[in-house]
Amino acid sequence: MDDAEPEEQTAPKVYLTRLRLALGPYAVHFSNPGYIKSETMRMLDIQVCKKTLDETRRNFEIREELGLSYQFWDDSASVLKSAIPSLERRSFAAPDPATPEYEGLSGPLIASFSTSLLADLERLNQVVGIARNVLTVGEKAQNLAADRLFDKDIFTLINVCVRVTARGYDGEAGAPDEDKWQFVINAYKKLLITCLQFLNNLTGRNEQRKLMLWIELFDSHLDNELPNFADMKYKMDIFPDLDKGSKPPTEPIPSGQKSSRGPDAFKIPQQPASSPFLLYIGEIGNEIKKSLAQRGEKAGATEIAAECRRRWQTMTDEEKNKWNMLYGEVVARYRDEITQSSAYKKVVDQHAKNEESVQALAQSINQLQVEVDRMRSAISTPEGHQAEQSSAAQVEEKKPAKPVAKPVVDDSMLDPSIRRSSPAGEIDFRVTYPPSFGAEILQNGKEDLLKRLEPDLDRPAAALTSDVASPTSPPPEEDDNDDEYDDIPGDETRGLLTDVPLILGPTEIEVLPMIIMSGIVEPPEGMPGYHPDPAVHNSIRSMHGVRCHLLLAQDNGRNLLRELLIFVAAWDLREEELYFKFMIKIMEAILANQLLPFAYHAFREPESKDIISPAQAVIMKLLTNIFRARQAKPSGLPSSHNPSQVDQGDAHMVNFLLTEFRRHIIPQTCALIFLQGQIRAGHAQPEDFPLNLWDMERMYEGVYQYLEFFAILTEHETWKNMLSNWEIVNELVTLLKELDAAIPKGQLSIPPLNSASRTTAPQHGDIEDPPPVAVERPYDTSANPNAPEGYMPSPRPYIDEAQDEPSDFEWRNLKKLAVLVLSSLVWKNRQVQDQVRPLGGIEAILNCCSYDEHNPYIREHAIMCLRFLMEGNKENQDHIRALDEYHEKGDPSSPAPADSGRPSLSPKIQVPDEVLDQQGYETYMDSKGQVMLRKREVRTPVSGTTAKGKGKLETKDPKDLEQLVQQVMRELPTRVQGLKTDPEKAAALAKLDKGFDGKG
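Sequential numbering of the sequence shown, starting at 1, is according to UniProt numbering.
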């Protein structure tokens, strides 16, 4: 910047001079409203600021002229410093003792100043927009903006915007003032978006600025024992002197360090040279602030830091040693808290296999300074000396280092095409909790519930649950008492950007995930920011990993990420939405750094009734899309040279999720379904149900996302084997049984027959031999044999009405998805085929072969699952034959295969003809990889034994079923992808048909 001073004297900067002619009056206008005539302000708005804003969009020379001038940044900062107090006076009402919360009405106040606020907010938006545009010049402009502390003023302005826009209108509803207030709120949102765009441009392709922004946003106090690292740069930076003729004063630099205005101006608490001083600031900063205020002096951050510096420099060596010792104790205590936190212990307890991963997380958090020191030369060196510093850094790295400080570098860090973590070994797929573990939890829960449901004369009638929610009410007030939701919007304790997702819409907020992406998602090859030099790329990748750890290490980062995830669910964003794609990239970065188990556990809400929190459900949704995209990649790509090989980190993650599914999700979900059944049976009252419809919807979404994720895993050979070894069919069969027992099937909606139809109704003999289409339609018209002739029960409405009880929740499509996962698991898998039979899974799937409005087309899914169960498995074939004979005879004494066991179901269970019949239909794979049924070509007559009970289908026209099933398969939800194309499947099904043609 000093080198440019001679050019400033010879080359006049007309655009800078013109803009400064407007910035100065702007600052005066905000400090002294009305001092400058409104006509003059309008002229400056149109002729100067608006014109400059348009020119900076198109002209690089103008951007460079403004961005490389300290005068531009200083004048712009002075405008913001004057504007922020002015905005606060007109947007926040003074405390009112008459109000319950001691707060004045801000809505009417904003409306009363709407005219001036709209004009001033537009002026500020233009100033920030110009600053945003000039940052595209590059690192010089970015670093200069930070050196002049302009970013600090942007942070303060963002805080004001969030505090105003996050609150609703508190005046009289429907009053004209509300419209005025809304116009001002929209202007604040527009300014907020521009500020976020400024932050995005401030960090673009600048690793140093990204790290500084991360420390600013996501470092916070830890029980007041560590300094607030968000204030480090503001307090420790070399204070700039507005007089450019003199260089800024510098603090004595300890030996071995170099003077820098970047990350070297302070240290993350791992280096004892400067960190004790930072601890000193954190401890006595508030005391000095009060002291300055009592003396009537200005108590800003600059004055506080200057006073702290003065006291530190005059401190005796004995006192400094005392602070050094205190700092060592704080760091040690901090490490203990990280490694011994309750969250850490829960992760270890719930997922033993991930113990090493979580410990690695804690170690990486504690060693962030090691990473920063190792990469410091790569991110803070001027371009002219980059080669020298790089060479020096390489020499330094070759020197012997302490074992704890030596980073682990493998080939994947030098070659981006190689996976980060090592390939998973056999031990990474081990089963940490057997199926009996979850079954025991569920059984104990059922027994406890039954005991509580027993009549007790001494117990009040409504004492079954202590916090029963009203069936039709929103979540009760108690649920909103979590600390994170009690905070005032915009409160700095929640983080600067945490409330932004609560304010902006999907098209407005896209810049926020872009900021997070730029910090933790490493640039791929061919994209801006990628460096072909492996050593430099290694440093860039490591810095992205450091920031990913920082994001999850503090509450501020976790709070923001939680809100970003919930935003997906709140707006029901689809896969094609840009925001959704950004969140996938963010989740991929967390997954690549092996932090997903930690993140998933951190988003659990212990005070909530949710089995799966909304943020966790969105994580599962994003994971499903990530794994689907991975498995859909062409096999010719370099990263897919061995498609069956998976990363160790991914294996640990899947292991963790399987443990969650077995230990928590299925037991608690099935316990609630069981309670629904008890309520339907009259053994409990609807008031006994502990959740409301809002809770049930959230729980349903989470369970559904888990099953959808498993459906994708079954399409990969390695993951399918892992699910088989975990015997996940136990949970799937249990879920099917509980749903079948507690949730009645939805009936078909058909209006009552008219008199003519009743006159020609079929006789009893016809019912014994129904018309051809009756067997083939995807519903069972005899589902209710006791119903009057010509009557069909009225179905439940698709959308739950307001009067619906939460205990009547239908769990729509859950059975169908569970059957789909089972179908994929049993396909060509003898191990799973044999697992299903002793669990009663065949009977459970047969129960799904009747029409169910809550699970459309489940019959077709169940038939395919049964056919896959029979393929090459004589025991399953014999078991299904025994069930068929059992149904036809209705005689419990009918023989059953010794090895399959006697069917435990009543004679009402019917084996669909499509399962055993080999002449009517066959399963095949279409060009899109979907499994379908079609009419089989007539070949040779079947034997009499085979045709018995099935020959009636030979005379029926199956065209209706063929068309129906093909239409069904095409209309299945796109987000649930079934079995993928397997070149051997068609042949295997044909083999199954030939092999199961009545022999045996």
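Glycine included, C-beta positions come from ideal geometry on N, C-alpha and C.
These figures come from a predicted structure and were not determined experimentally.
Short of 8 Å from the beta carbon of Leu16, and not among the five residues preceding or following it, lie these beta carbons of its own chain, in chain order: Glu65, Leu66, Ser69, Gln71 and Phe72. The C-beta separation of His537 from His531 comes to about 5 Å, placing the pair in contact by the 8 Å criterion. Look at Asp647 here: in three-state DSSP terms it is strand. Residue nearest to Asn625 within the set Leu442, Asp74, Leu713 and Met696 is Leu713 (criterion: CA-CA distance).
Secondary structure of Pro686 (DSSP, three-state): helix. For Pro423, the three-state secondary structure derived from DSSP is strand.
At a Cβ-Cβ threshold of 7 Å, Ile586 and Ile516 count as neighbours. When DSSP states are grouped into helix, strand and coil, Gln676 belongs to the helix group. If you ignore the 5 residues before and after Ala651, its C-beta comes within less than 7 Å of the C-beta of Ala424, Asp428 and Phe429, all in its own chain and listed in chain order. For Thr156, the enclosing alpha helix (DSSP H) begins and ends at Phe150 to Thr165.
Around the Cβ of Val14, a 10 Å sphere holds fewer than 16 other Cβ atoms; the residue is exposed.
At a Cβ-Cβ threshold of 7 Å, Ala187 and Leu502 do not count as neighbours. In this structure, Asp177 sits away from Gly168, with a CB-CB distance that is not shorter than 7 Å. Between the C-alpha atoms of Lys298 and Thr52 there is a straight-line separation of about 35 Å. In the DSSP annotation of this structure, His716 is not part of any alpha helix (DSSP H), being labelled neither H nor E. With fewer than three CB-CB distances shorter than 8 Å, the region 102-114 does not count as touching the region 126-143. Scanning its chain for C-beta atoms nearer than 8 Å, with the 5 sequence neighbours on each side dropped, one finds around Leu512 the residues Leu196, Leu497, Val500, Pro501, Leu504 and Leu564, in chain order.
Nearest Cα to Thr115 within the set Glu103, Ile520 and Ser91: Ser91. Ranking Asp317, Glu607 and Thr718 by CA distance to the CA of Gln645 puts Thr718 first. Spatial neighbours of Asp740 in its own chain (CB-CB distance under 8 Å, excluding positions within 5 residues in sequence) are listed in chain order as Lys815, Ala844, Asn847 and Cys848. Minimum Cα-Cα distance from Tyr579 among the listed residues Arg562, Asn721, Met514 and Ala77 corresponds to Met514. Residue environment for Ala629: exposed (fewer than 16 other C-beta atoms within 10 angstroms of its C-beta). Distance between Tyr886 and Lys621, taken at the CA atoms: about 43 Å.
Taking Leu117 as the centre and dropping the five residues before and after it, the same chain places the C-beta of Leu87, Arg90, Ser91, Ile110, Val184 and Ala187 closer than 8 Å to its C-beta, in chain order. Cα atoms of Leu735 and Ala818: separation of roughly 8 Å, rounded to the nearest angstrom. For the options Asn206, Gly138, Ala439 and Cys308, the alpha carbon positioned closest to that of Glu727 is the one of Ala439. Glu55 and Ser824 have their C-alpha atoms roughly 59 Å apart.
Residue environment for Gln443: exposed (fewer than 16 other C-beta atoms within 10 angstroms of its C-beta). Ser78 and Leu124 have their alpha carbons spaced roughly 12 Å apart.
About 3 Å separates the Cβ atoms of Asn556 and Gly495, confirming a contact at the 8 Å cut-off.
Between Lys609 and Asp695, the C-beta spacing is below 7 Å. Taking the CA atoms as reference points, Ala570 sits about 15 Å from Glu510. Between Asn730 and the set Phe661, Glu522, Phe689 and Gly746, the nearest pair of CA atoms involves Phe661. Judged by DSSP in its simplified three-state form, Asn286 adopts helix.
Shown here, Thr624 sits in a helix according to DSSP, grouped into three states.
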